[in-house]
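Enquirer: Add 30 to a position in the sequence shown, counting from 1, and you land on the number used in the working numbering. Structure below; questions to follow.
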Amino acid sequence: MQELCKKLHQTIDKVDEERYDIESKVTKTDKEIDELKIKVIDLKGKFQKPVLRKVRMSADAMLQALLGSKHKVTLDLRANLKQVKKEVKEEEKEAVSDWRKNIEDKAGMDGRKKMF
Numbered sequence: 031m032q033e034l035c036k037k038l039h040q041t042i043d044k045v046d047e048e049r050y051d052i053e054s055k056v057t058k059t060d061k062e063i064d065e066l067k068i069k070v071i072d073l074k075g076k077f078q079k080p081v082l083r084k085v086r087m088s089a090d091a092m093l094q095a096l097l098g099s100k101h102k103v104t105l106d107l108r109a110n111l112k113q114v115k116k117e118v119k120e121e122e123k124e125a126v127s128d129w130r131k132n133i134e135d136k137a138g139m140d141g142r143k144k145m146f
């Protein structure tokens with residue numbers, strides 16, 4: 031009975047040693063992973079993204095870029111538009127009269143009171 035207990039205790043000790051070794055390896059790799067994550071974040075901060083510039087592109091150049099150089103398509107969007115001639119309208123200008131005359135004309139008996 032005692033021998034069996036001693037054997038069991040020895041196997042328990044071996045398993046505990048293995049478990050401890052594995053736990054220490056896991057904690058060590060976790061620390062390395064955290065350090066590498068910090069290094070990656072530092073490297074991301076050092077490099078700046080270049081400022082993108084606006085590129086003016088015609089419809090033909092855009093189609094050529096999309097379809098490739100094999101397909102040659104010319105696209106004139108202005109050809110499909112309807113042309114409209116601009117007509118100059120002359121507005122009739124009212125004759126500007128003297129405002130005093132209008133008041134005097136309406137200044138009859140009750141004209142002035144009705145207007146103002």
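Glycine is no exception: its CB is placed at the ideal position from the N, C-alpha and C atoms. All values reported here derive from a predicted model rather than from experimental measurement.
#1: Starting from K37, trace the alpha helix (DSSP H) both ways and give me its first and last residue.
#2: Can you list, in chain order, the residues of its chain whose CB lies under 8 Å from that of D64, leaving out five sequence neighbours each side?
#3: Nearest-angstrom Cα distance between H39 and K58?
#4: Which two residues bound the contiguous alpha helix (DSSP H) that contains Q94?
#5: Alpha carbon to alpha carbon, how far is R49 from P80?
#6: Determine the direct distance from the alpha carbon of T41 to that of M31, and round the result to whole angstroms.
#7: Given this structure, state the Cα-to-Cα distance separating K61 from Q78, to the nearest angstrom.
#8: Is R83 helix, strand or coil by DSSP?
Expert: A quick look at the data gives this:
#1: In the DSSP annotation of this structure, the continuous segment of the alpha helix (DSSP H) that includes K37 starts and ends at 32-76.
#2: Take D64, set aside five residues on each side of it, and no residue of its chain has a beta-carbon closer than 8 Å to its own.
#3: As the crow flies, the alpha-carbon of H39 is around 28 Å from that of K58.
#4: In this chain, the alpha helix (DSSP H) harbouring Q94 covers 89-97.
#5: Straight-line measurement puts the Cα of P80 at about 50 Å from the Cα of R49.
#6: Going from the Cα of M31 to the Cα of T41 covers about 16 Å.
#7: The alpha-carbon atoms of K61 and Q78 are separated by roughly 28 Å.
#8: DSSP places R83 in the coil class of the three-state scheme, outside both helix and strand.
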